[in-house]
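> Heads up: the sequence shown begins at 231 in my numbering, then just goes up one per residue. For glycine and all other residues, C-beta sits at the position ideal for the given N, C-alpha and C.
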Amino acid sequence: MDIATGAGLLLAFVAMIVSVLIDGGNLLAFFNVPSIIVVFGGSFGAVMTSYPLKTFLTLPKLVALSFKMPKVDPQGLIEQFVKLADQARREGLLSLEEQVATIDDDLVKKGIMLIVDGVDPSVVRDILEIDNDVASRRHSLGISMLESLGAVSPAMGMVGTVLGLIGVLGNLADSEALGPAIAVAFLTTLYGAVVANLLWTPMAKKLKENDRLEALSREVIVEGILAIQAGENPRIVREKLESFLAPKLRGQEVANKGGE
Numbered sequence: 231m232d233i234a235t236g237a238g239l240l241l242a243f244v245a246m247i248v249s250v251l252i253d254g255g256n257l258l259a260f261f262n263v264p265s266i267i268v269v270f271g272g273s274f275g276a277v278m279t280s281y282p283l284k285t286f287l288t289l290p291k292l293v294a295l296s297f298k299m300p301k302v303d304p305q306g307l308i309e310q311f312v313k314l315a316d317q318a319r320r321e322g323l324l325s326l327e328e329q330v331a332t333i334d335d336d337l338v339k340k341g342i343m344l345i346v347d348g349v350d351p352s353v354v355r356d357i358l359e360i361d362n363d364v365a366s367r368r369h370s371l372g373i374s375m376l377e378s379l380g381a382v383s384p385a386m387g388m389v390g391t392v393l394g395l396i397g398v399l400g401n402l403a404d405s406e407a408l409g410p411a412i413a414v415a416f417l418t419t420l421y422g423a424v425v426a427n428l429l430w431t432p433m434a435k436k437l438k439e440n441d442r443l444e445a446l447s448r449e450v451i452v453e454g455i456l457a458i459q460a461g462e463n464p465r466i467v468r469e470k471l472e473s474f475l476a477p478k479l480r481g482q483e484v485a486n487k488g489g490e
């Protein structure tokens, strides 16, 4: 689990609640069901109109993914490829077939099988890069949907406020109820701003960063597979793949999780 997502949300909401209580406010005054319906119902409806239903129904999964750590381990991948390169140089590419069952990453498995089958390096690169492009496009679609929710929610908050003010202006005779009614009307604007800036937009940014990290790992995989196929020295394989890492992470050997 990515603790930062949950901790960030908790911190933001606690800060708002504490500020209300310090000011002597009533938390129940900030709860209004019609406002919630307008913001969430209107936002979901607008986004559902913009995307295929199949894509929209992935929203709960996208929210859950923003709370999970991305399954990336570039250093572990590098160690794995160094060992595979060493085995390939000593025993030949065909010997790698027996290692496929011990590899967890599907893209690594596919790459190993392609080079074991003697597929041309340019074709291997094309196949693996197509897989990478498809994965990135799929991720981008989900991120785009969250960004759309972040853009629409404040607008729906304003719509709800306008609807509330119309009701208030239609009943100006009751002056005592005027103030509370206006306050309730502005709650919808608050809801729209909160869900956009504390939920949808941060989640979209978190998934975008996770996709960047996964894309980096996929690039390491492509170059690692091709280096093994070319019969490069394991030391050269390490140097080449570590160029994808930040300088402070280079030269650090870690356990080969993929081969355990």
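In chain order, what residues of the same chain lie with their CB nearer than 7 Å to the CB of glutamate 453, ignoring the 5 residues before and after it?
In the sequence shown, the residue the question calls residue 453 occupies position 223. Lys470, Leu471, listed in sequence order.
> Give me the Cα-Cα distance between valine 354 and glycine 341, rounded to the nearest whole angstrom.
Along the sequence shown, read from residue 1 onward, the residue named residue 354 stands at position 124. Along the sequence shown, read from residue 1 onward, the residue named residue 341 stands at position 111. Those two C-alpha atoms are separated by around 7 Å.
> Only counting the same chain, and skipping five residues up and downstream in sequence, which positions put a Cβ closer than 8 Å to that of phenylalanine 243?
Taking the sequence shown and counting its residues from 1, one reaches residue 243 at position 13. Hits under 8 Å: Leu428.
> Just the Cα atoms here: how many angstroms apart are valine 263 and alanine 457?
Mapped onto the sequence shown, residue 263 falls at position 33. Mapped onto the sequence shown, residue 457 falls at position 227. About 59 Å.
> Is the separation between the beta-carbon of serine 447 and that of leucine 307 shorter than 8 Å?
Within the sequence shown, the letter at position 217 stands for residue 447. Within the sequence shown, the letter at position 77 stands for residue 307. Their beta carbons are under 8 Å apart, which means serine 447 touches leucine 307 by this criterion.
> Which value, in whole angstroms, describes the spacing of the CA atoms of glycine 275 and proline 304?
As a first step, residue 275 must be located in the sequence shown, where it is residue number 45. As a first step, residue 304 must be located in the sequence shown, where it is residue number 74. Cα-Cα distance, rounded: 40 Å.
> By DSSP, does arginine 355 sit in helix, in strand, or in coil?
Here the question's residue 355 lines up with position 125 in the sequence shown. Helix, per DSSP.
> So that I know if they touch, is there some Cβ in chain D lying closer than 8 Å to that of valine 312?
Although the question refers to chain D, the structure presented lacks it and comprises just one protein chain.
> Rounded to whole angstroms, how far is the Cβ of glycine 387 from the Cβ of threonine 418, which I believe are closer than 8 Å?
Locating residue 387 in the sequence shown gives position 157, counting from the first residue. Locating residue 418 in the sequence shown gives position 188, counting from the first residue. The Cβ separation is near 5 Å, so the contact holds.
> Check whether the Cβ atoms of alanine 423 and leucine 376 lie closer than 8 Å to each other.
The sequence position of residue 423 within the sequence shown is 193, counting from 1. The sequence position of residue 376 within the sequence shown is 146, counting from 1. No, these two residues do not count as a Cβ contact at 8 Å.
> Whole angstroms are fine: how far does the CA of glycine 409 sit from the CA of asparagine 401?
For this step, residue 401 is matched to residue 171 along the sequence shown. For this step, residue 409 is matched to residue 179 along the sequence shown. Whole-angstrom Cα-Cα distance: 12 Å.
> Can you tell me which of the three DSSP states arginine 319 falls into?
As a first step, residue 319 must be located in the sequence shown, where it is residue number 89. DSSP places arginine 319 in helix when its eight states are reduced to three.
> Alpha carbon to alpha carbon, what distance is there between glycine 348 and threonine 431?
Along the sequence shown, read from residue 1 onward, the residue named residue 431 stands at position 201. Along the sequence shown, read from residue 1 onward, the residue named residue 348 stands at position 118. Approximately 46 Å, taken between the alpha carbons.
> Grouping DSSP H, G and I as helix and E and B as strand, with all else coil, what is methionine 231?
Within the sequence shown, residue 231 is the residue found at index 1, counting from 1. Reduced to three states, the DSSP call for methionine 231 is coil.
> Who are the Cβ neighbours of leucine 371 in its own chain at under 7 Å, not counting the five residues just before and after it?
For the purposes of this step, residue 371 is taken as the residue at position 141 of the sequence shown. Within the same chain, leucine 371 has close Cβ partners Thr285.
> Would you mind listing the beta strand (DSSP E) stretches within the stretch 410–482 that are 3+ residues and don't spill past its ends, in chain order?
You should have found no qualifying run.
> Compute the distance between the beta-carbons of glycine 461 and alanine 365, then report whether it is under 8 Å.
Within the sequence shown, the letter at position 231 stands for residue 461. Within the sequence shown, the letter at position 135 stands for residue 365. Against a cut-off of 8 Å, the Cβ pair of alanine 365 and glycine 461 comes out as no contact.
> For the candidate residues Met278, Leu292, Gly380, whose alpha-carbon lies nearest to that of leucine 437?
Locating residue 437 in the sequence shown gives position 207, counting from the first residue. If we check each option's Cα against that of leucine 437, Leu292 comes out closest.
> Consult DSSP for glycine 255 and reduce its assignment to one of helix, strand or coil.
Numbered from its first residue, the sequence shown carries residue 255 at position 25. In this structure, glycine 255 counts as coil in the three-state DSSP scheme.
> Just to confirm, are leucine 337 and aspartate 361 a CB contact at a threshold of 8 Å?
What you label residue 337 is simply residue 107 of the sequence shown in a count that begins at 1. What you label residue 361 is simply residue 131 of the sequence shown in a count that begins at 1. Closer than 8 Å, so yes.
> So which of Ser374, Val392, Ala426, Leu324 has the shortest CA-CA distance to proline 384?
As a position in the sequence shown, residue 384 is number 154, starting the count at 1. When only C-alpha atoms are compared, the closest one is Ala426.
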